Amino acid sequence: MDQLLSPELMHRLERLELVSRKIFLGRMKGERRSKRKGQSVEFADFRNYTPGDDLRFIDWNLYARLDKLFLKLFMEEEDLHFYVVIDTSASMDFGTPTKLDYAKQLAAALCFVGLVRADRVKVETLSPGKLPSPILRGRRSTWRLFDYLKQIEPGGETSLAEGVKSFCLKNSGKGIVVLISDLMDKHGYESALRYLLAQQMDVYVIHTLSAEELDPDVKGDLKLVDAEDGDEAEITASAPLLKRYRQTLNAFVEGARQFCTRRGMNYVLASNQVPVDQLVASYLRKRGLVR
Amino acid sequence: MWPNFINMLPWWQWAILSLVPPAIIALYFLKLRREPLEVPSTYLWRKSIEDLHVNSFWQRLRKNLLLLLQILLVLLVMLALLRPSWRSSSLVGDRFVFLIDNSASMSATDVAPSRLEKAKRQVRALVEQMASGDKAMVISFSDGANVVQQYTENRRLLQRAINGIQPTEHATNLLPALKLAAGAAAEGGSSGGDEEAGASGTLYLFSDGKFPNVEDVLLGNLKPVFVPVGSDEAANIGIIAFNTKRNETDADQVQVFFQLANSGEKDEELDVALYRDNQQVDAKRVTVPAGKQVGDDFPPLRGAAEGILRLQIRHKDPLALDNKAYAVLETPRRGRVLFVTSGNEPVQWALSTLEAQLRAEVTIVSPEVLTQENHLKAAAAGNYDLIIYDRCRPQVMPQSNTLFLGQLPPAAEGERIIAATKAVADNEKEKKTTAKKPDSAYSLWSEAANADEVPVAKLPQVLDTDRNHPLMQLVELGDMFIGSSLLLDLPPGGKTLIETTKGPVAGIAPREGFEDVVFGFEIITEGDDGERLFNTDWWRKQSFPSFWLNVLSYLAGGTQSQAAISVRPGELVRLRSITPVDQVEVLMPDAKRVKVAKGKSNDFPFTQTDQQGVYQFYEGDQVAGRFAVNLFDAGESDILPRDGLENPIQVGPMEITSSADFEATRQETWKFLLILALVVLLLEWYIYNRRVYI
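Line by line, the protein sequences give chains S and W. Residues in the first sequence are numbered from 1 upward in steps of one, following the numbering used here. Residues in the second sequence are numbered from 1 upward in steps of one, following the numbering used here.
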């Protein structure tokens, strides 16, 4: 994994932009088109002058014609806050490529799209003793982004809920948050997702699973050791057990999907066997994360 | 029923073998060290295992499938070493006689494949159980008995002999078989040098028990065991009689009678088909009540000059042998009659009526010919169907039916002495001969030593006639006058035809397949001065020509030809040629040809009547006659096996009961077990390689 993103992929990604569904919905309703008027060059509206307004925005030409004071309003050119949250728990360090590598690639691709479009991009991990994550803007920050991503290591015991909670405390405000995780937490993923929901952000959950998890190829009498907490499960691989496992897995995936869909979150199941460019260029595009 | 076992291994080998299953289990537990495998999370696995823990016992069994299969394999091998077998009875003693019934009823297929095969299988199984040093002999019997294997220790010989026993179509008679067995058992004992051991054997009787009880046989120390063969629900319908008769008045019509017996416990309705020369000519539906016999007939067949009639019952029953019967129709042949007389017009007239001419060809000769060589040869060759001796008698009885008028037939022995002493033949013709024959009987028909001593009755009054006899049918003699008559003393087997106040004056008696009729009174007699007088007024009655027609019909063959004979399988048939030949050839139903040489009494004794069907015999290229062989045995058709418990076989003073659940067959299962073990081994190997756990 020398290269997070190939030049071809970067070239293709340049043509994409991140889309926030919440803003998109506002546009459609018309009156909420601009919640905040700002100081951009793009004209938005007029309004009556009230004492205390900045005189610099008075439309003097209009005053000359109508003898009334109007204030010119401009669109606020606000940048998009784009967060990628990567689960760095030990369980992510499995598969070929490892789920963590896959998550990094995915994060790199999405962040690159944001950087190209001058969005405010921030990558966070869920590990407790994590590196300070930089806030990135502009295309030149691409290499900083890549450097940062490369430094991310799979780290010990991470509670999904705790990690998300600390992320939410630190990062408020509107925007898009993409959680890349395998959701394998023995305490459940629901509380973590609820924290994200409370942020009123546009939440994407990219559920990354390795091929070994989706279709385990185990034989014989085994002692399964949990990579995170060292928990041991003794199994004898048998057809009924494998069948049972698949049922459990399906129920797990389906449960996560329903949990997200019901709460307006976007859920995407990503196998580490699906190339990142394909996922971004076709799959996420369909889901409306990028366009 | 539990199988019984034969221990194949000594105890220490068993001990070693019994250590194998625990060893396998121990090895299995040693082997069960789970391989650690790091997985991203046991989260999903735990959930899956928890679901399956609900039926963890079966889950454990599943896990240990290989172990179970291995233990099963070892157990199967151990079981196979025990040689388990089902339903076996052990042989007791060291001398065995196996009597196997191969009569017709043993061909029944109520037990698959047939009763005989089952019996043979049981005997083979018993032979298989013989310990070394045991001796056995095998006898097959039907109406006769046949030692198929003498006493031997050689099991192979015994098996081969048993396999060689073929079903027959004969009736059953136990007596010869028991005599043979008793005799052989005694011999076997003496040859063994140990009186007690030899005489005390076990006699196994494999039969359906359809034979009468036997007496006059002592089994000695043989211990009989009756093994009934056959199913208790066997039901059979068989033909027990099948006859044809030409119509009295119209020889072109043939009446067909048959009799069926139902040995089952259910009334049966079935179709009976009649074939002539393999073409169906008639059929009939007959109901035969359970356990009953019914007789029935077909409407007369017309235009049936000759041919072979076959009666076939269309009914599916275990015994197929008695579902068909054969009868032979012959062209009505005119009988050849020789009338030896010195002149007897009433009889000559009676024999020359139109009806009589239809029935027979009558040659009239004078008594002088009786001494001529030509006549003697012809008579001895049986060229005549009937010879009528009027007031004369031959030296030797001819090979034909005879009728004597006013004279007694010669006693066979006496005649030979006469022939040896060259007694004058003329004297024999005279009733009042004075020649004395003190050493011999004059005739079988009288106790008198010579002709003079034969009692003579004057004016006997007819009391009764045997109206049932074919000769006396439609003959009314109530008011007949008889001048004088010899009184008869009938030989064994004879029947009185006319009984008078003084005694019998007419009778009929069998002789070596022929019949002799003797009338003690003459029709025409000679007076003292040589004039011809009537001794009776019978010739004036209507019954007179009727009687002579009966004579021609019955004694001269007439319309009923000799070929209507039907014999039972295995019986002797005496064939008679038309022309004097030295041998005849018999075409059997299975198209085999057998040459038969002339026997002692100028006939051709034929004994190979083992198959049912129609036999033809040829003189040269010409068909000389046909006869049918049919089972016709109600005993054989009744195939319900004898219940040896309720109805034991009575042999002399001994009763043979059967052991109700006798099963000789030892059904070995070790081969099956080993094959099963092999299958288990293959399954285990497959699972081990494929890792397919159920």
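Glycine residues also receive a C-beta, built at the ideal position from the N, C-alpha and C atoms. For clarity, every value in this text was computed on a predicted model and none was experimentally measured.
Pair within 8 Å by beta-carbon distance, S/Ala-103 and S/Ile-86: S/Ile-86 is positioned such that its CB atom lies closer than 8 Å to that of S/Ala-103.
Pull up the DSSP beta-bridge partners for S/Phe-259, would you. Checking the DSSP bridge columns, you'll see S/Phe-259 has no partner listed.
Along chain W, which residues have their Cβ under 7 Å away from the Cβ of S/Leu-249? Under the 7 Å cutoff, chain W gives Leu-44.
In terms of residues, what are the limits of the beta strand (DSSP E) holding W/Gly-307? Judged by DSSP secondary structure, W/Gly-307 falls within the beta strand (DSSP E) whose first and last residues are 307-314.
Let me confirm a value: W/Ser-18 is counted as buried when at least 16 other C-beta atoms fall within 10 Å, else exposed. Which label applies? That one is exposed.
What would DSSP say about S/Leu-222, mapped onto helix, strand or coil? The answer is strand: DSSP assigns S/Leu-222 an E or B state.
Does the distance from the C-beta atom of W/Phe-606 to that of W/Ser-577 stay below 8 Å? Their beta carbons are not under 8 Å apart, which means W/Phe-606 does not touch W/Ser-577 by this criterion.
Would you call the region 388-398 of chain W and the region 363-372 of chain W touching, i.e. three or more CB-CB distances under 8 Å? Touching, yes.
Spell out whether any CB of chain S is found under 8 Å from the CB atom of W/Ser-18. No, because no Cβ of chain S sits closer than 8 Å to the Cβ of W/Ser-18.
Report the start-end ranges of each alpha helix (DSSP H) in the region 36-121 of chain S that is 4 residues or longer and not cut off at the edges. Within the region 36-121 of chain S, the alpha helix (DSSP H) runs of at least 4 residues that lie entirely inside it are, in chain order, 60-66 and 99-116.
Can at least three beta-carbon pairs, one atom from the region 495-506 of chain W and one from the region 454-462 of chain W, be found at a separation below 8 Å? Touching, yes, given that three or more Cβ pairs across the two stretches are closer than 8 Å.
Spell out whether any CB of chain S is found under 8 Å from the CB atom of W/Glu-117. W/Glu-117 does not count as touching chain S.
Output the distance between the C-alpha atoms of W/Gln-583 and W/Lys-458, rounded to the nearest integer angstrom. Here the alpha carbon of W/Gln-583 sits roughly 51 Å from the alpha carbon of W/Lys-458.
Taking the straight line between their C-alpha atoms, what separation do you get for S/Ile-152 and S/Met-92? Taking the straight line joining both Cα atoms gives about 12 Å.
Whose CA, out of W/Glu-476, W/Pro-510 and W/Ala-591, lies closest to the CA of W/Leu-490? Out of W/Glu-476, W/Pro-510 and W/Ala-591, the CA that lies nearest to the CA of W/Leu-490 is found in W/Pro-510.
Within 8 Å of any Cβ in chain W, is that where the Cβ of S/Ile-152 sits? Not an interface residue.
Is the CB-CB distance between S/Phe-112 and S/Met-184 below 8 Å? Not a contact, by the Cβ cut-off of 8 Å.
Taking the alpha helix (DSSP H) that W/Tyr-554 falls in, what are its first and last residues? Annotation: the continuous alpha helix (DSSP H) that includes W/Tyr-554 extends over 543-555.
Member of W/Gly-613, W/Lys-210, W/Leu-65 and W/Asn-468 whose CA lies at the smallest distance from the CA of W/Asp-633: It is W/Lys-210 whose Cα lies nearest to the Cα of W/Asp-633.
Under 8 Å between the Cβ atoms of S/Asp-45 and S/Leu-73? For the pair S/Asp-45 and S/Leu-73, the CB atoms are nearer than the 8 Å cut-off.
Contact residues within the region 173-197 of chain S, judged by C-beta distance below 8 Å to chain W: Residues of the region 173-197 of chain S with a C-beta less than 8 Å from any C-beta of chain W: Asp-182, Met-184, Asp-185 and Lys-186, listed in chain order.
In its own chain, which residues sit with a C-beta less than 7 Å from the C-beta of W/Gln-622, not counting the 5 before and 5 after it? Cβ-Cβ distances below 7 Å link W/Gln-622 to nothing in the same chain once the five nearest sequence neighbours on each side are left out.
For W/Gly-513, is the classification buried or exposed, using 16 other Cβ atoms within 10 angstroms of its Cβ as the cut-off for buried? By the neighbour-count rule (16 or more Cβ atoms within 10 Å), W/Gly-513 is not buried but exposed.
Looking at chain S, is there any beta carbon in it that lies within less than 8 Å of the beta carbon of W/Glu-684? Judged by the 8 Å Cβ criterion, W/Glu-684 is not in contact with chain S.
Do W/Lys-120 and W/Ile-162 come within 8 Å of each other at the CB atom, strictly closer than that value? It is a contact, given that the beta carbons lie within the stated cut-off.
In DSSP terms, what W/Met-137 is bridged to: Bridge partners of W/Met-137: W/Val-97.
Below 8 Å between beta carbons: does that hold for S/Leu-136 and S/Leu-145? If you check the CB distance, S/Leu-136 and S/Leu-145 come in under 8 Å.
DSSP on W/Ala-234, reduced to helix/strand/coil? Secondary structure of W/Ala-234 (DSSP, three-state): coil.
Between the Cα of W/Leu-477 and the Cα atoms of W/Asp-466, W/Pro-470 and W/Ser-484, which residue gives the shortest distance? Closest by C-alpha distance to W/Leu-477, out of W/Asp-466, W/Pro-470 and W/Ser-484, is W/Asp-466.
As assigned by DSSP and simplified to three states, the class of W/Lys-377: In this structure, W/Lys-377 counts as helix in the three-state DSSP scheme.
Hey, is W/Leu-37's beta-carbon within less than 8 Å of any beta-carbon in chain S? W/Leu-37 counts as touching chain S.
At least one CB of chain W closer than 8 Å to the CB of S/Asp-226: is that the case? It does; some Cβ of chain W falls within 8 Å.
Is it the case that the Cβ atoms of W/Glu-729 and W/Gln-612 are separated by a distance below 8 Å? What is shown of chain W runs 1 to 694, which leaves residue 729 of chain W out entirely.
Between which residues of its own chain and W/Leu-81 is the CB-CB distance below 7 Å, once the five residues before and five after are set aside? Closer than 7 Å at Cβ, skipping near neighbours: Met-8 and Leu-9.
Give the DSSP-derived three-state secondary structure of W/Asp-216 in the structure shown. W/Asp-216 falls in the coil class under three-state DSSP.
Using a cut-off of 7 Å between C-beta atoms, extract the partners of W/Ser-107 located in chain C. No chain C is present in this structure, whose protein chains are S and W.
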